[in-house]
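J.: Here you go, one structure.
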Amino acid sequence: MSHEMSDEKLPESHGSEGHEAAVHGDPFADPGLPAHEPRRTDIDERAAKRAERQVSLLFIVSMLATVGFIASYVAIDIDKIVYIFPLGHVSALNFALGMTLGVALFCIGAGAVHWARTLMSDHEIPAERHPIEADDELRADVIEQFKTGAAESGFGRRKMLRNTLIGSMALVPLSGVVLLRDLGPLPEDKLAHTGWEVATPAKPLKLINMNTNEPMKPEDIVTGSLTFAKPEGLEEDQEFFQEQIAKDALMIIRIAPEDLKDRKSADLGFEGILAYSKICTHVGCPISLYEQQTHHALCPCHQSTFDLADGARVIFGPAGHPLPQLKITTDEKGFLVATGDFQEPVGPSYWERP
Amino acid sequence: MSTANSATSGASKPASTRAKPANKFEAAADWTDGRLGIYTLAKSNLRKIFPDHWSFMLGEICLYTFIIIILTGVYLTLFFKPSMAETVYHGTYAPLNGIRMSEAYASTMDISFEVRGGLLIRQIHHWAAIVFVAAMLVHMMRVFFTGAFRKPREINWLFGAGLLFLGMFDGFMGYSLPDDLLSGTGIRFMEGAILAVPLVGTYLQFFLYGGQFPGTDIVPRFFTIHVLLIPGIMLGLLVAHLILVFYHKHTQFAGPGRTEKNVVGMPLMPVYMAKAGGFFFLVFGVIAAASAIATVNPIWAYGPYRPDQVSTDAQPDWYMGFSEGLIRVMPGWEIRAWGHTLNLGVFIPLMVFPLVLMAIWVYPFIEAWVTGDKREHHIADRPRNAPVRTGFGAAWISLYVLLLIGGGNDLLATHLHLSINSITYFVRVGFFVVPVLTFFITKRWCLGLQRRDKDKVLHGRESGVIKRLPHGEFVEIHEQLPQDKLYKLTAHEQPQPLELPAEVDENGVARKAGPIAKTRAKLSEAFYGEGGQIAKPTAEEHHEITSGHGHH
Chain Z
4 MSHEMSDEKL PESHGSEGHE AAVHGDPFAD PGLPAHEPRR TDIDERAAKR AERQVSLLFI
64 VSMLATVGFI ASYVAIDIDK IVYIFPLGHV SALNFALGMT LGVALFCIGA GAVHWARTLM
124 SDHEIPAERH PIEADDELRA DVIEQFKTGA AESGFGRRKM LRNTLIGSMA LVPLSGVVLL
184 RDLGPLPEDK LAHTGWEVAT PAKPLKLINM NTNEPMKPED IVTGSLTFAK PEGLEEDQEF
244 FQEQIAKDAL MIIRIAPEDL KDRKSADLGF EGILAYSKIC THVGCPISLY EQQTHHALCP
304 CHQSTFDLAD GARVIFGPAG HPLPQLKITT DEKGFLVATG DFQEPVGPSY WERP
Chain G
1216 MSTANSATSG ASKPASTRAK PANKFEAAAD WTDGRLGIYT LAKSNLRKIF PDHWSFMLGE
1276 ICLYTFIIII LTGVYLTLFF KPSMAETVYH GTYAPLNGIR MSEAYASTMD ISFEVRGGLL
1336 IRQIHHWAAI VFVAAMLVHM MRVFFTGAFR KPREINWLFG AGLLFLGMFD GFMGYSLPDD
1396 LLSGTGIRFM EGAILAVPLV GTYLQFFLYG GQFPGTDIVP RFFTIHVLLI PGIMLGLLVA
1456 HLILVFYHKH TQFAGPGRTE KNVVGMPLMP VYMAKAGGFF FLVFGVIAAA SAIATVNPIW
1516 AYGPYRPDQV STDAQPDWYM GFSEGLIRVM PGWEIRAWGH TLNLGVFIPL MVFPLVLMAI
1576 WVYPFIEAWV TGDKREHHIA DRPRNAPVRT GFGAAWISLY VLLLIGGGND LLATHLHLSI
1636 NSITYFVRVG FFVVPVLTFF ITKRWCLGLQ RRDKDKVLHG RESGVIKRLP HGEFVEIHEQ
1696 LPQDKLYKLT AHEQPQPLEL PAEVDENGVA RKAGPIAKTR AKLSEAFYGE GGQIAKPTAE
1756 EHHEITSGHG HH
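Chain order of the listed sequences is Z and G. Our numbering puts the last residue of the first sequence at 357; the count rises by one with no breaks. Our numbering puts the last residue of the second sequence at 1767; the count rises by one with no breaks.
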């Protein structure tokens, strides 16, 4: 259908016939290549000499800069800091090496380009283009050769041979796919649990202040403050610390009970002290910006904003659901403890998340 | 027959009939030619003609920064330890003394503070990567706006697209390797993005990371992908790209003596060997100096990665900025049903990200289909002479820039004292509105420039000389353009819109145009119809104005 309305509408491109003589009366005819205009260095030997000296000077500067590079490498102490206006305090070695290397390279380039522009011939030369497409004769010849080769192979004629070859070629990459299986363990329900899951009402887990590494008491936490916490027993030098802290990290805040808007969230807390997951439900950045007057917490990565007084409801940004909250209370000694895992999986959503 | 032949020729060895070489250089060349056939190879290439235009050097910047990245990257691998094993830092950088970190981060600290020149090479590597992707993008825009993607260069356009895509990802992997606080945040983002993929996302995440985030596998795995897999593919694409540039010969702009059947310029040896070779050193020199002056990615300031810590102003490298914008401005849509969660708030941006790039990469094929043009094109268009194409390209850039703004909404908000919410809402609306507006404005602009060209051709250029006519009127004398300018301004071709075949053919048989043919005809009308281009001046118009009726 479409080929019926094809090429005839395309114009003949102007001047496509090469150096056609200006058609009589065509005011827009191609006048052909303009005559070469000599440069100063083409006609004045002194100008050419000067250009030669300029190019050589650039090459000499490059050589000096390379010597300077090596000298800097040997002479300048690696931790020496110098003040360079307007950069401020910078590493002397880095600055010296970078500048000398930069000059050494730049001068070679500048010299070569200046040489090309002033001293090498600048006569414009036309070269013919040839169509990329082969002519019909060649095309017919190649197709014939291919047909001969295909016929001699018997690929089209011996169907069983062809089909089994395709079958084996299709199957063999499966080995490679199977080999990828041991790249990692199966997810199972690992994402649904955190390090807090070992806590039970009978055996609660203390909340440990991330900065002081001490357990926390409700009276330590003033209204409007933000404290980061981790579960008791999780230490930096443990093997799986990074994986654990990526899920267990807590934000502890205290909001005056009359400011709490969400009943359920208030019940999960203790006297206005709430423990939320620090891991953003968008893509997992740790949330770290807290406005104590509005009770808003903002993730610095993609600006999801949660209202911590309202069950960490999302009030702005790309996060899809509230921050999970950890139920806390106090133990017999008055320390803040958790008695179970988060109410729902922490961190970004995933397909199996209920 | 073969036995007879071997009997006669076997006795005497096939001898070279070549005359004695004039000097040692020729002798060496002869030796090599006898084995590699270099004379045949050099015959068409040594004095190969390249046309001259400033915009043709953009591709060179890509090539040279790629070489710089490989050179500096190999050096960095000599010192970098792609391991997430924990270690405690004891080095020259006092603020981090005694801090726990991964081997990857510690070795990057050593490269920056213990290895002399290591910091410089790291900075050159990073700066070159930034320039590499930027140059690829600008080079792509040059090819796009001049229509240099048309037959026979469509496949090379796709090779270039592949290079840009891989370049962006290799850059992302590269700045993820040092395992500093910023790069770890990027890896964390990637975890969230993969988890958002329906059905298989959780499995993909566990297989890629070797378990739960962050695990200890991701840095060594990224390292292999970053230094071997992706650069290997890129090198192959790059060589293919360059071979095709040589094979197709470079495009050139219209001008006197420049036609579709020739290429006018200067020979590779010596002019372009000096100019292009020299340009490599210029690019390298500038990047080396930039690395001495401007710090990029100061990982010592960020500190080692901890999943519960983050810095504000967290920003990816600029080329990931538009995907960052998609992620930031997308509303947090989430569908929870039947025990599953579909995280559209992350999954949609993840899918739109390649679509944004794809939109411009498929354009050449759409244009070829609309025009039905099957001829080769070697004369580069001036952007104004293809208003729809130029409008589309500008719309694409506007979308890209808008998303960059979305990606930097926090920086804009703090630096320009704007509300981050307003910026985000603006980008949300702008995503749909700004490209459309840009398209129409650019198209009108191009048509205006075409009118101006037509005016110049017909009425000449303003000479600045005012003449008073006998009856008192003042007129400015317009001077005819010289022949080469006239040719240049009228050399472009103007296709006419396609027309659907008659509803009834000559035998009276009805033939209906299908929806595809109708769409094509409509698009063709939009490209080349009345609103799509300003008709070029004709010889008659020119003749009428220049003969007789005086100047005006």
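Note that CB positions come from ideal geometry on N, CA and C, so glycine has one too.
1. So what does DSSP say about G/Arg1365, is it helix, strand or coil?
2. Hey, does Z/Leu182 have any beta-carbon neighbour from chain G nearer than 9 Å?
3. Can you tell me which of G/Pro1429, G/Pro1712, G/Val1353 and G/Lys1239 puts its alpha carbon nearest to the alpha carbon of G/Gly1744?
4. Assign Z/Ile81 to one of three DSSP states: helix, strand, or coil.
5. For Z/Thr215, count neighbouring Cβ atoms within 10 angstroms of its own Cβ and tell me buried if that reaches 16, exposed if not.
6. Flag Z/Tyr76 as yes if its beta-carbon sits less than 9 Å from any beta-carbon of chain G, otherwise no.
7. Identify every residue that forms a DSSP beta bridge with Z/Leu301.
8. May I ask which residues mark the beginning and end of the beta strand (DSSP E) holding Z/Pro129?
9. For Z/Thr342 and Z/Pro207, I'd like the C-alpha separation in whole angstroms.
10. Just to confirm the assignment, what range does the beta strand (DSSP E) spanning Z/Tyr279 have?
11. Can you look up G/Lys1658 in the DSSP assignment and give me helix, strand or coil?
12. Among G/Ser1762, G/Leu1614, G/Ile1514 and G/Leu1673, which one has its Cα closest to the Cα of G/Gly1645?
13. Assign G/Pro1685 to one of two classes, buried (16 or more other C-beta atoms within 10 Å of its C-beta) or exposed (fewer than that).
14. Could you please give me the residues that DSSP links to G/Glu1688 through a beta bridge?
15. With 16 as the cutoff for other CB atoms within 10 Å, does G/Gln1240 come out buried or exposed?
16. Taking only the alpha-carbon atoms, compute the straight-line gap between G/Arg1418 and Z/Thr308 and give it to the nearest angstrom.
17. Could you check whether G/Val1346 and G/Ser1391 sit closer than 9 Å to each other, using their CB atoms as the reference points?
18. How would you list, in chain order, the residues of chain G whose beta-carbon sits under 8 Å from the beta-carbon of Z/Ser94?
19. Just to check my reading of the structure: G/Ala1204 and Z/Gly101 have Cβ atoms closer than 8 Å, yes? What is that Cβ distance to the nearest angstrom?
20. Is the number of C-beta pairs between the region 234 to 245 of chain Z and the region 269 to 288 of chain Z that are closer than 8 Å three or more?
21. Quick one: what's got a C-beta closer than 6 Å to Z/Trp118's C-beta in the same chain, skipping five residues either side?
22. Quick one: give me the first and last residue of the alpha helix (DSSP H) that G/His1354 is part of.
23. Just list the residues that DSSP pairs Z/Gly91 with in beta bridges.
24. Can you confirm whether G/Glu1301, when its beta carbon is compared against all beta carbons of chain Z, has any partner nearer than 9 Å?
25. Rounded C-beta distance between G/His1340 and G/Ile1276? I'm assuming under 8 Å.
26. Where does G/Asn1512 land, buried or exposed, given buried means 16+ other C-beta within 10 angstroms?
27. Is G/Ser1678 helix, strand or coil when you go by DSSP?
28. Round the Cβ separation of G/Ala1343 and G/Ile1458 to the nearest angstrom and send it over; I've been treating them as touching at under 8 Å.
29. Using a Cβ cut-off of 7 Å, pull out every chain Z residue sitting near G/Met1545, in sequence order please.
30. Using the rule of at least 16 other Cβ atoms within 10 Å of the residue's Cβ for burial, across every protein chain shown, is Z/Arg142 buried or exposed?
31. Keeping to the same chain, check which residues put their C-beta closer than 8 Å to that of G/Arg1233; ignore five residues upstream and five downstream.
32. If you draw a straight line from the alpha carbon of Z/Ser2 to that of Z/Ile318, how long is it in whole angstroms?
33. Can you tell me where the alpha helix (DSSP H) holding G/His1463 begins and where it ends?
34. Does the beta carbon of G/Gln1524 come closer than 9 Å to any beta carbon on chain Z?
35. For chain G, is any of its Cβ atoms less than 9 Å away from the one on Z/Ile258?
36. Of all the alpha helix (DSSP H) runs that stay within the bounds of the region 1256 to 1327 of chain G, which reach a length of 4 or more residues?
T.: Looking at the coordinates:
1. Looking at G/Arg1365 - three-state DSSP - the assignment turns out to be coil, as it is neither helix nor strand.
2. It does not: the Cβ of Z/Leu182 has no partner Cβ on chain G nearer than 9 Å.
3. The option with the nearest alpha carbon to G/Gly1744 is G/Pro1712.
4. Here Z/Ile81 sits in coil by DSSP.
5. Exposed: under 16 other Cβ atoms inside 10 Å.
6. With 9 Å as the cut-off, Z/Tyr76 counts as an interface residue toward chain G.
7. Z/Leu301 pairs with Z/Leu292 and Z/Thr308.
8. It spans Ile128 to Glu131 - the beta strand (DSSP E) in which Z/Pro129 sits, taken as one unbroken run.
9. Roughly 5 Å between the two C-alpha positions.
10. Counting along the chain, Z/Tyr279 sits inside the beta strand (DSSP E) bounded by residues Ile276 to Ser280.
11. The answer is helix: DSSP assigns G/Lys1658 an H, G or I state.
12. If you compare the alpha carbons of G/Ser1762, G/Leu1614, G/Ile1514 and G/Leu1673 with that of G/Gly1645, the shortest gap goes to G/Leu1614.
13. G/Pro1685 comes out exposed.
14. None; G/Glu1688 has no bridge partner.
15. According to the sequence as given, residue 1240 of chain G is Phe; it is not Gln. By the neighbour-count rule (16 or more Cβ atoms within 10 Å), G/Phe1240 is not buried but exposed.
16. In the sequence as displayed, the identity of residue 1418 of chain G is Tyr instead of Arg. If I take the Cα positions, the gap works out to 29 Å.
17. No, the Cβ-Cβ distance between G/Ser1391 and G/Val1346 is not below 9 Å.
18. Proximity of chain G to Z/Ser94 at the Cβ level (cut-off 8 Å) is accounted for by Leu1334, in chain order.
19. Residue 1204 of chain G cannot be examined here, being either before or after the span of chain G that is shown, 1216 to 1767.
20. Output reads no: the region 269 to 288 of chain Z does not touch the region 234 to 245 of chain Z.
21. Once the five neighbours on either side are set aside, the close Cβ partners of Z/Trp118 are Val58.
22. The continuous alpha helix (DSSP H) containing G/His1354 extends over residues Gly1333 to Phe1360.
23. When beta bridges are read from the DSSP output, Z/Gly91 appears opposite Z/Ile87.
24. Judged by the 9 Å Cβ criterion, G/Glu1301 is in contact with chain Z.
25. G/His1340 to G/Ile1276, Cβ: 16 Å. No contact.
26. Buried, since its Cβ has 16 or more Cβ neighbours within 10 Å.
27. It is a strand residue.
28. Separation of the CB atoms of G/Ala1343 and G/Ile1458 is rounded to 24 Å, and the pair is thereby denied contact status at 8 Å.
29. The answer, in chain order, is Pro321.
30. Z/Arg142 is exposed by the Cβ-count criterion.
31. Result list for G/Arg1233: Asp1245, in chain order.
32. A query on residue 2 of chain Z cannot be resolved here, the shown segment of chain Z reaching from 4 to 357 and no further.
33. Unbroken alpha helix (DSSP H) run through G/His1463: Ile1445 to His1463.
34. Chain Z contact via Cβ: present.
35. The C-beta of Z/Ile258 comes no closer than 9 Å to any C-beta of chain G.
36. Unbroken alpha helix (DSSP H) stretches of 4 residues or longer found wholly inside the region 1256 to 1327 of chain G: 1273 to 1292, given in chain order.
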